[in-house]
Amino acid sequence: MEFIPEFHGGITLFYSSNPDNIQSNSQNDNDDKYYCRILKKSLAETLTDFYPIAGRFKDTSTVDCNDSGACVVKAKLNSSLSDFLLSVSKSREDPHKKLGKLVPTLDSETMELASKCMLIAQITIFECRGVAISFCLEHRFCDLSSVVVFLRSWSARARGDAGEIAVPDFVGSSFLPPLDLPPLPPVPNPIENRTTARLVFNASKISALKTKFAESAKGNDHQYNKYLSRVEVVLALILKCAISAARSITPEMKSVLFQSVNLRKRTVPPLPENSIGNLFWMLPVTIEDGNSIEFHELVSKMKRETTLFYDETVQRIKGDEDGNSLVFESVKERDEILKSVSDVDIYWCSSWCKFRLYEMDFGWGKPVWVSSGVVSSSNLIVFEDAKCVDGIQAWVTLDPQVMAVFERDEEIMSFASFNPSIA
């Protein structure tokens, strides 16, 4: 938690109204009151297992488990869910500007009310009785994988499925002991001076990207054909086109990608799936000549770096001396890169794929859509599973000038659909 700045990561789940899924004990109540009562009750029960989340940070490495609670606000939107989602996909504006209405951490009054809360949630009721649940958790405490464990437990309690309640395993301090470092500055306003686009890649286009790599790879790079993931090929294409767009405006700059890597399945032995903490690593990949790099070269470079990290570095992370020394080396390298921001374009990537977010059922069915909320730091790429089978939804945030060029790139347009229909 000590190397994460102060900000709340967010996720928003959208549920359509389905009368068959509303339990009979709601028939004498307004549906929105019923939704809120069930969600708040089950959330309170879930916090008894995830008790640090109901506490408050004392410093960068200590949480006071004082049971101060979470902040939950209720909102109503004068629109049906289908109309709202249609407006998100049809608007020429940044889709985050509309989605921001559902995110409590972007509302100054809510943030004043929720001062020091680790968990801030908003339940938005649409005119059609559809529901949006926006869940924002302090990133200093845990990562997305931890959030999914919490959501699985909360949703299981809400629908009365005791057998699916996930019990957390707080392994953070035993995995890597705290160092009592000074706090990092908070993340600034995330939506100023940048533009976000939503791209969807269906399974056939992703398969075509893998074929494109196989046909262009040279020498030993062919070894990666069998092990290429959909995230790797889509990231390579987006990064190539983003760098090309940036170079058309500011030539002769190198680029560095920081890619988030989940450590849970990579350690020996693997960490439990329900491990709670910031158990990820920001892996840097340097691209010296962004002007002429080809798609297959970028795929191979990223694959070599991740393979080297998994084979040689990850096993040294767990433990007191070696682990902390690696963390310090990594942070020092990152800080040096960040200080040279005038000479380097820095990109960040986080993948939310395979986290089964579309299975979060609170008792009225599975979500019709899932969004990463409003997480739009500059040059950020966030991947999520798309509604279509084996597809990817990507949120790409760039400088407005760069985005204007990026959106017209023929190569990216041939593989991705820009802001397609959601409902």
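For any residue, its number in the working numbering is found by taking its place in the sequence shown, counting from 1, and adding 91. For every residue, glycine included, the Cβ atom is placed at its ideal position computed from N, Cα and C.
Task: Where the alpha helix (DSSP H) through ILE503 begins and ends - done: Taken as a continuous stretch (DSSP letters only), the alpha helix (DSSP H) holding ILE503 covers 501–506.
TODO: For ASP476, name the three-state secondary structure that DSSP assigns.
DONE: Strand, per DSSP.
- [ ] Quick one: measure Cβ to Cβ for ILE216 and LYS167, integer angstroms, because I've assumed they're closer than 8 angstroms.
- [x] With a contact defined as Cβ atoms closer than 8 angstroms, ILE216 and LYS167 qualify at about 5 angstroms.
- [ ] Indicate, with yes or no, if the ligand ATP has a heavy atom lying under 7 angstroms from the CB of CYS233.
- [x] Among the components modelled here there is no ligand, and therefore nothing to report on the ligand ATP.
Task: For THR397 and LEU374, believed in contact at Cβ under 8 angstroms, the rounded distance - done: Yes, LEU374 and THR397 are in contact; Cβ-Cβ is about 6 angstroms, under 8 angstroms.
- [ ] Enumerate in chain order the residues of its own chain whose CB-to-CB distance from ASP140 is below 7 angstroms, with the five nearest sequence positions on each side excluded.
- [x] Within the same chain, and ignoring the five residues on either side of ASP140 in sequence, the residues whose Cβ sits closer than 7 angstroms to its Cβ are SER244, VAL258 and PRO259.
Task: Under 8 angstroms between C-beta atoms of ILE334 and ASP436 - done: Their beta carbons are under 8 angstroms apart, which means ILE334 touches ASP436 by this criterion.
- [ ] Enumerate in chain order the residues of its own chain whose CB-to-CB distance from ARG355 is below 8 angstroms, with the five nearest sequence positions on each side excluded.
- [x] In its chain, beyond the 5 residues on either side, SER236, PRO361, LEU362, PRO363, GLU364, SER366 and LEU370 have a beta carbon closer than 8 angstroms to the beta carbon of ARG355.
Task: Opposing strand residues paired with MET373 [DSSP bridges] - done: Secondary-structure assignment with DSSP links MET373 through a beta bridge to SER351.
Open item on the list: Let me confirm a value: TYR318 is counted as buried when at least 16 other C-beta atoms fall within 10 Å, else exposed. Which label applies?
Closed with: Classification of TYR318: exposed, given that the 10 Å Cβ count is below 16.
TODO: Return the residue from the list SER152, VAL325 and ILE211 that minimises the CA-CA distance to PHE292.
DONE: That would be VAL325, whose Cα lies nearest to the Cα of PHE292.
Task: the region 477–494 touching the region 154–170, judged by at least three CB pairs closer than 8 angstroms - done: Short answer: they don't touch.
- [ ] Taking ALA249 and GLY454 to be in contact with their CB atoms under 8 angstroms, please state how far apart those CB atoms are, rounded to whole angstroms.
- [x] Indeed they touch by this definition, with Cβ atoms about 5 angstroms apart.
Task: C-alpha gap between ARG147 and ILE95, whole angstroms - done: Each residue's Cα considered, the two are about 16 angstroms apart.
- [ ] Report the option in VAL222, MET393, LYS345 and GLY310 whose CA atom is closest to the CA atom of VAL322.
- [x] Nearest C-alpha to VAL322: MET393.
- [ ] Specify the secondary structure class of LYS331 as computed by DSSP and reduced to three states.
- [x] In the structure shown, LYS331 sits in a helix (DSSP, three-state: H, G or I).
TODO: Please name the residue or residues paired with LYS167 in a DSSP beta bridge.
DONE: According to DSSP, which records beta bridges pairwise, LYS167 is partnered with ILE216.
- [ ] Classify GLU420 as buried or exposed, calling it buried when 16 or more other Cβ atoms lie within 10 Å of its own Cβ.
- [x] That one is exposed.
Open item on the list: Could you check whether PHE98 and PRO458 sit closer than 8 angstroms to each other, using their CB atoms as the reference points?
Closed with: No.
Open item on the list: As an exercise, report each continuous alpha helix (DSSP H) stretch of at least 4 residues that is fully enclosed by the region 138–215, in chain order.
Closed with: The region 138–215 contains these whole alpha helix (DSSP H) runs: 172–181, 186–190 and 199–204.
Open item on the list: Spatial neighbours of CYS208 within its chain, please: C-beta separation below 7 angstroms, excluding the five flanking residues on both sides.
Closed with: Cβ neighbours of CYS208 beyond the five flanking positions: ALA161 and CYS162.
- [ ] Decide if SER505 is buried, meaning its Cβ has at least 16 other Cβ atoms within 10 Å, or exposed.
- [x] Per the 10 Å Cβ criterion, exposed.
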